[in-house]
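With our numbering, letter number 315 in the sequence shown gets 315, and the count goes up by one each step, no holes.
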Amino acid sequence: MPANTPSIPTQNALTALPEWRALETHRAQTHATHLRDLFESDSNRAKALSVEGPSGMFMDYSKQRVTTETMRLLLDLAEARGVRPRIAAMFRGDKINVTEERAVLHIALRAPRDAHIVVDGVDVVPAVHEVLDAMGAFADAVRSGAWKGHTGKRIRNVINIGIGGSDLGPAMAYDALCAYTTREISFRFVSNVDATDFAEKTRDCDPAETLFIVCSKTFTTLETMTNANTAREWVLKGLSANDTAVAKHFVAVSTNAKKVLAFGIDTANMFGFWDWVGGRYSMDSAIGLSTMIAVGPKGFQEMLSGFHEMDEHFRTAPFATNLPVIMALVGIWNSNFLGSQTLAVLPYDQYLDRFSAYLQQLEMESNGKHVAFDGSRVTWETCPSVWGQPGTNGQHAFYQMIHQGTRLVPCDFIAFCEPLNAIGVHQDLLIANVLAQAEALAFGKTLQEVEAEGCPAWLAPHRQFDGNRPSTTILAKRLTPAALGRLIALYEHKVFVQGTIWGINSFDQWGVELGKVLAQRIIPELSGSVPTPAHDSSTQQLITRYRTARGR
Ligand code: G6Q
Numbered sequence: 001m002p003a004n005t006p007s008i009p010t011q012n013a014l015t016a017l018p019e020w021r022a023l024e025t026h027r028a029q030t031h032a033t034h035l036r037d038l039f040e041s042d043s044n045r046a047k048a049l050s051v052e053g054p055s056g057m058f059m060d061y062s063k064q065r066v067t068t069e070t071m072r073l074l075l076d077l078a079e080a081r082g083v084r085p086r087i088a089a090m091f092r093g094d095k096i097n098v099t100e101e102r103a104v105l106h107i108a109l110r111a112p113r114d115a116h117i118v119v120d121g122v123d124v125v126p127a128v129h130e131v132l133d134a135m136g137a138f139a140d141a142v143r144s145g146a147w148k149g150h151t152g153k154r155i156r157n158v159i160n161i162g163i164g165g166s167d168l169g170p171a172m173a174y175d176a177l178c179a180y181t182t183r184e185i186s187f188r189f190v191s192n193v194d195a196t197d198f199a200e201k202t203r204d205c206d207p208a209e210t211l212f213i214v215c216s217k218t219f220t221t222l223e224t225m226t227n228a229n230t231a232r233e234w235v236l237k238g239l240s241a242n243d244t245a246v247a248k249h250f251v252a253v254s255t256n257a258k259k260v261l262a263f264g265i266d267t268a269n270m271f272g273f274w275d276w277v278g279g280r281y282s283m284d285s286a287i288g289l290s291t292m293i294a295v296g297p298k299g300f301q302e303m304l305s306g307f308h309e310m311d312e313h314f315r316t317a318p319f320a321t322n323l324p325v326i327m328a329l330v331g332i333w334n335s336n337f338l339g340s341q342t343l344a345v346l347p348y349d350q351y352l353d354r355f356s357a358y359l360q361q362l363e364m365e366s367n368g369k370h371v372a373f374d375g376s377r378v379t380w381e382t383c384p385s386v387w388g389q390p391g392t393n394g395q396h397a398f399y400q401m402i403h404q405g406t407r408l409v410p411c412d413f414i415a416f417c418e419p420l421n422a423i424g425v426h427q428d429l430l431i432a433n434v435l436a437q438a439e440a441l442a443f444g445k446t447l448q449e450v451e452a453e454g455c456p457a458w459l460a461p462h463r464q465f466d467g468n469r470p471s472t473t474i475l476a477k478r479l480t481p482a483a484l485g486r487l488i489a490l491y492e493h494k495v496f497v498q499g500t501i502w503g504i505n506s507f508d509q510w511g512v513e514l515g516k517v518l519a520q521r522i523i524p525e526l527s528g529s530v531p532t533p534a535h536d537s538s539t540q541q542l543i544t545r546y547r548t549a550r551g552r
């Protein structure tokens with residue numbers, strides 16, 4: 001770690017802390033208590049373990065296996081691990097991403113025009129707004145049809161090419177905000193190096209009406225550059241044009257102007273961002289250009305204001321009523337004290353179809369780590385595996401395991417009161433389902449209750465539910481661009497708090513970097529240009545089999 005790095009917890013002895021020990025003792029004392037008993041013994045429980053955040057975002061965590069005492073002890077742990085100074089350090093622009101020596105300033109991407117955030121002596125806010133303004137002008141030109149393709153036709157298809165942090169956010173946001181998007185333009189997302197992704201997304205597109213946004217922070221990522229090159233060939237061939245057509249059908253979002261220029265994209269059509277924006281924290285930077293074209297600059301601004309609202313809540317609210325802090329602490333309790341290995345995120349809103357996939361990266365790439373700040377190996381669990389599907393679909397698939405399996409699967413239920421498509425009784429049915437699921441998970445159904453319904457004794461054990469399965473329900477008013485911003489910022493900050501408590505750097509991704517170089521060695525070996533690849537016998541056998549199948 002660079003010398004004098006401020007606000008980094010340097011001691012790795014999390015489990016030796018008196019605050020941690022107190023939680024272990026508390027767990028031993030309370031573990032046998034069922035959620036049924038907790039609710040029965042405290043009529044105020046729901047109220048005491050709920051909190052209302054910005055713009056009425058309501059979080060009920062009373063169905064988690066915690067008490068007010070558990071929360072008090074967890075809050076002590078947060079203080080002991082320096083969560084407070086770490087929040088201040090992030091907002092100040094300190095280089096808290098120590099392994100890459102970078103500031104972590106996604107919060108600057110949504111800071112208002114008159115804010116000041118200084119990194120290396122430079123206020124970054126004016127540059128953020130300069131890019132937002134340029135994106136706005138470009139988005140308006142594409143939406144209005146003023147931006148024309150090489151042959152003079154207006155753009156009807158926008159295809160985002162990117163992967164990981166340069167894909168998941170925009171793809172998720174397009175689905176999430178679909179109700180607010182222009183229906184004059186189709187939006188697609190190509191990420192996989194599998195040519196099927198490109199082929200299927202472009203098969204019904206006219207190159208003359210298609211604009212590609214090549215999103216890559218580095219502009220070197222194998223998948224993205226392969227797809228971008230394929231797209232360039234597709235456009236030039238389709239239009240029987242030379243390189244001059246590229247400027248009308250390609251724009252770039254990157255930090256690497258040199259590579260963008262080398263690709264043939266006019267740097268006037270390059271939208272920049274900065275090394276202090278991590279890929280998985282970048283959907284509200286220029287990486288969100290497709291989102292802005294889809295929902296318009298005003299809709300994008302609304303989304304940013306939602307993010308900012310949650311940022312301010314996170315920065316200023318007392319920890320006991322701070323949504324990201326509470327969510328993080330409940331997650332720590334589940335992972336580190338109740339032994340859960342996973343987190344199911346279950347949005348009861350079809351527009352949030354890709355939300356869990358987005359969170360998988362945000363959480364697992366950020367906190368899927370075993371090395372502490374001081375380089376030592378942690379001796380406690382870190383990130384759980386995160387997964388989920390929109391309700392009610394999951395109910396007819398994997399909820400069986402959540403209700404009656406042998407593993408503890410904490411759930412985050414997310415729902416909105418007002419429907420975006422108010423048709424018949426759908427919304428009431430949707431909400432009835434989410435509430436019923438959370439209730440059934442918490443309270444279960446005893447053997448006596450099952451038998452009282454007339455179930456034969458031999459069948460009763462199969463139809464009995466233990467309950468005591470923890471969940472949080474987030475209930476917000478309506479899925480708007482601002483609500484989406486608040487929701488994402490909630491999880492972003494939760495991840496940061498958990499990373500701080502676990503003593504790990506949530507902002508690097510050395511595991512991903514490894515993946516970026518591994519394939520490079522095997523590529524020439526597959527083509528047959530390297531006759532005897534030196535690998536382990538398994539890899540070697542698979543390479544040989546592939547080469548034989550391809551006649552090489
Ligand atoms: C995100 C990661 C990773 C990254 C992709 C794409 O936090 O760093 O998912 O976003 O590997 O990288 P480029 O934007 O550089 O192509």
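Quick reminder that beta carbons are idealized off the backbone N, C-alpha and C, glycines included.
Going by DSSP, name the residue or residues bridged to residue i.
{"i": "E439", "result": "DSSP, once it has assigned bridges, lists no residue as partnering E439."}
{"i": "L343", "result": "V386"}
{"i": "N505", "result": "Beta-bridge pairing links N505 to no other residue."}
{"i": "N97", "result": "R102"}
{"i": "Q412", "result": "The question names Gln, yet the displayed sequence has Asp at residue 412. For D412, which the question treats as bridged, DSSP gives the partners V345 and T472."}
{"i": "K259", "result": "In DSSP, K259 forms no bridge with anything."}
{"i": "H270", "result": "The question names His, but residue 270 in the sequence shown is Met. Answer is A252, bridged to M270."}
{"i": "A123", "result": "Position check: residue 123 holds Asp in this sequence, whereas Ala was assumed. BP columns for D123 point to V118."}
{"i": "V190", "result": "I161"}
{"i": "F465", "result": "K445"}
DSSP three-state call for residue i: helix, strand or coil?
{"i": "S537", "result": "helix"}
{"i": "S254", "result": "strand"}
{"i": "E363", "result": "helix"}
{"i": "V66", "result": "coil"}
{"i": "T10", "result": "Here the model assigns T10 a pLDDT of 49, short of 50, so the residue's position is not dependable and the matter cannot be decided."}
{"i": "K477", "result": "strand"}
{"i": "N4", "result": "Confidence at N4 is low in this model, with a pLDDT of 46, below 50, so its placement is unreliable and the value that follows should be read with caution. The answer is coil: DSSP assigns N4 none of H, G, I, E or B."}
{"i": "L211", "result": "strand"}
{"i": "I265", "result": "coil"}
{"i": "D349", "result": "coil"}
{"i": "C178", "result": "helix"}
{"i": "V131", "result": "helix"}
{"i": "R45", "result": "helix"}
{"i": "E451", "result": "helix"}
{"i": "L153", "result": "Per the sequence shown, the amino acid found at residue 153 is Lys instead of Leu. Reduced to three states, the DSSP call for K153 is coil."}
{"i": "K237", "result": "helix"}
{"i": "E418", "result": "strand"}
The beta strand (DSSP E) that contains residue i, what's its start and end?
{"i": "A492", "result": "The question names Ala, but residue 492 in the sequence shown is Glu. Note, E492: premise wrong, no beta strand (DSSP E); alpha helix (DSSP H) at P481 to W502."}
{"i": "S50", "result": "S50 to E52"}
{"i": "I161", "result": "N157 to I161"}
{"i": "F198", "result": "Here F198 belongs to no beta strand (DSSP E); instead the alpha helix (DSSP H) covers A195 to T202."}
{"i": "M59", "result": "F58 to D60"}
Does the beta-carbon of residue i, which I'm using as the reference point, lie nearer than 7 Å to any heavy atom of the ligand G6Q?
{"i": "S100", "result": "Ser is not the amino acid found at residue 100; the sequence shown has Glu there. It does not: the Cβ of E100 is nowhere closer than 7 Å to a heavy atom of the ligand G6Q."}
{"i": "Q509", "result": "yes"}
{"i": "R280", "result": "yes"}
{"i": "G499", "result": "no"}
{"i": "Q361", "result": "yes"}
{"i": "S290", "result": "no"}
{"i": "E365", "result": "yes"}
{"i": "S529", "result": "no"}
{"i": "G164", "result": "yes"}
{"i": "S471", "result": "no"}
{"i": "S216", "result": "yes"}
{"i": "T221", "result": "yes"}
{"i": "T224", "result": "yes"}
Got a sec: does the ligand HEM put a non-hydrogen atom nearer than 7 Å to the Cβ of residue i?
{"i": "V512", "result": "As for the ligand HEM, it is missing from this structure, which binds only the ligand G6Q."}
Which stretch, first to last residue, makes up the alpha helix (DSSP H) that contains residue i?
{"i": "A565", "result": "For the chain, the structure presents residues 1 to 552; residue 565 sits outside this window and is missing."}
{"i": "V295", "result": "L289 to T316"}
{"i": "S527", "result": "W510 to S527"}
{"i": "S41", "result": "L35 to S41"}
{"i": "F91", "result": "V83 to R92"}
{"i": "W20", "result": "P18 to T30"}
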